[in-house]
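In order, the protein sequences belong to chains P and B.
Residues in the first sequence are numbered consecutively from 35, following my numbering.
Residues in the second sequence are numbered consecutively from 123, following my numbering.
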Amino acid sequence: MGSYITTDQCASLNLDFMISILFLLLILGSIASVAEGRMKTVQQGEEAAEARLLSEEIAQAIEETYLRGEGHEITLKTPTKLKGSDYIVQVNQSGVLVRVKGRCGYSFSYSKQVSNLDGTQDEVIMLPGRSYTLQNVKDNNHHRVVIF
Amino acid sequence: MQGQLSIEFLLVIGLSVMVLFPLTISLSEAHELNQAMAAARDGALHGAILDGLAFYPEETFFNYTYEHKRLINPSNVKIVKVDYINQGFNRTYQKTKIQLHIHASAPSVTSKADRNCLGDRINFYARKKICESFETQNLTNSLFNPAYSNKYVFTTADVSWE
C-alpha cells in the first residue's frame, strides 16, 4: 500500500492519504489536549494529597507521643517542598493545619496541650526541610507534647 | 468523447465538496462540544479530589470551621456521570446554551447543606476548566458562570447525589 502512495502519479491516493492524515491529526490533537488537562489535574491533586499525608503524619505522631506516656519521643523530618511548593505547618491543641499556596488542609487531633520547648507558645510552627522532635513531658500531673 | 472523464471527475469533486463542507462544520462543532465535555469531566474530577481530601482555599476553610465542620475532614467523593442538556440557541449570549448535569456520590456526607458545598466546588471547577480550555476566562465572572467556548455557553445544574 505504501509503495502505491509513493509511486502513484494521479494523486488519487494522495488525496485519501491527506484526508486520513487530517482526521488523524484532529483525533491526536483532541487526545493530546485531554491528556494535558488530566496531567495538570493529577499534579494539582498530588500536591493536595501530599499536604493531606503530611498533616495526617504529624497528627498521628502527636497522638502517639501523647499516648505512649512520659518521655516518649518521636523524630520527624519535614519535606523541603510539597510538589515544588513552599508550605507551613501550624500545630495547636486541636490539630494540624498545613498551608500551601493559599490552600489549607487540617487533621483533627484529640484535645491535648501542645507547646514549644520552653512552654511559652501554644501554637507551634513547623517549617519545611527541618528535623523536629516530639516529646511527651509531664509537669504538675499534666502531660503535654513538646515540639522542638 | 473527449471531456467525459472530466465531467465525471467534476461531479465527484462537486459531490465531495457538498458532503465534506457540512460534514466539516458539524465535525468541528462536535469536536468543540467534545473538548468542552472533556474539560468539564476533568474539572469535576479535580473538584471531587479537593472535596475528598478536604483541601480548600483559606477563606473557604475558615468558613467551614464555623458552618460545615464535617467538610474539614476527608470524605469519599466520586464523580459518577457528567452529562448535558442542549437548551438551544440563546439570544442573550448569541450561542447555543448547554446545561451540564454532574452526578456524584459522597456516602459519608449526609447533610444536604454540606453536600451543596461539595457540589458547588465540583461545578465551579467544571466551569473553570472549560474556560481555561478555551481561554475565555476574561469573558466571564470570578465564578466562571457561565463558561464560554466559541459556539457554546455552559451553565451547571445542582449536582445530583447518588
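For glycine and all other residues, C-beta sits at the position ideal for the given N, C-alpha and C.
Limits of the unbroken beta strand (DSSP E) element including residue i
i: K191(B); result: First-last for K191(B): undefined, no H or E at that position.
i: K217(P); result: Residue 217(P) cannot be examined here, being either before or after the span of chain P that is shown, 35 to 182.
i: R102(P); result: Careful: R102(P) lies outside any beta strand (DSSP E) and carries neither H nor E.
i: S149(P); result: 147-149
i: V158(P); result: 158-160
Residue i: contacting residues in chain B (beta-carbon distance under 7 Å)
i: T75(P); result: D164, L167, H168
i: Q78(P); result: H168
i: V68(P); result: A160
i: L161(P); result: Those do not exist, as L161(P) stays about 18 Å from chain B at its closest Cβ, beyond 7 Å.
Residue i - containing alpha helix (DSSP H), residue span
i: G241(B); result: 234-256
Residue i - DSSP class collapsed to helix/strand/coil
i: Y186(B); result: helix
i: E284(B); result: coil
i: H177(P); result: strand
i: N126(P); result: strand
i: N212(B); result: strand
i: V171(P); result: strand
i: F131(B); result: helix
i: L58(P); result: helix
i: P144(B); result: helix
i: S165(P); result: strand
i: S119(P); result: strand
i: M35(P); result: Any answer about M35(P) is weak, because its pLDDT of 48 lies below 50 and its placement is not dependable; what the coordinates show is given next. Note: M35(P) maps to coil in three-state DSSP.
i: Q155(P); result: coil
i: T114(P); result: coil
i: S264(B); result: coil
i: N48(P); result: helix
Same chain, Cβ closer than 6 Å to residue i, neighbours up to 5 away in sequence not counted
i: T258(B); result: Y270
i: D205(B); result: H223
i: S141(P); result: S89, E90, A93, G129, V130
i: N185(B); result: none
i: T277(B); result: Q221, P268
According to DSSP, residues forming a beta bridge with residue i
i: F276(B); result: I220(B), A269(B)
i: D205(B); result: H223(B)
i: G139(P); result: V132(P), F177(B)
i: K200(B); result: S227(B)
Interface partners of residue i on chain P, CB under 8 Å
i: S282(B); result: Result: empty, since nearest Cβ-Cβ is about 22 Å, beyond 8 Å.
i: A176(B); result: R86, G139, Y140
Chain-ordered chain P contacts of residue i [CB-CB under 9 Å]
i: E151(B); result: Here the premise fails: no neighbours, minimum Cβ distance about 13 Å.
i: P179(B); result: G136, R137, C138
i: F276(B); result: Those do not exist, as F276(B) stays about 15 Å from chain P at its closest Cβ, beyond 9 Å.
i: I244(B); result: Per Cβ cutoff of 9 Å: no residues; I244(B) is ~13 Å from chain P at best.
i: S255(B); result: S67, G71
Contact set between residue i and chain P, taken where Cβ atoms lie within less than 7 Å
i: I171(B); result: G79, A82
i: N195(B); result: F142
Per-residue contacts from residue i into chain B (C-beta, under 9 Å)
i: A143(P); result: Note on residue identity: the sequence assigns Ser, not Ala, to residue 143(P). By Cβ distance, chain B contributes nothing, its closest Cβ being about 12 Å from S143(P), past 9 Å.
i: S64(P); result: H153, N156, Q157, A160
Within chain B, the residues that residue i reaches when beta carbons sit closer than 8 Å
i: R102(P); result: Correct list: empty, because the minimum Cβ distance to chain B is about 25 Å.
i: L59(P); result: Those within 8 Å of L59(P) in chain B number zero; the least Cβ separation is about 12 Å.
beta-carbon residue i near the ligand FMN non-hydrogen atom, thresh 6 Å
i: V275(B); result: You won't find the ligand FMN in this model; it holds no ligand whatsoever.
Close beta carbons around residue i, own chain, < 7 Å, minus the five adjacent residues each side
i: Q127(P); result: S145, K146, Q147, V148, D156
i: K273(B); result: E151, E154, K217, T218
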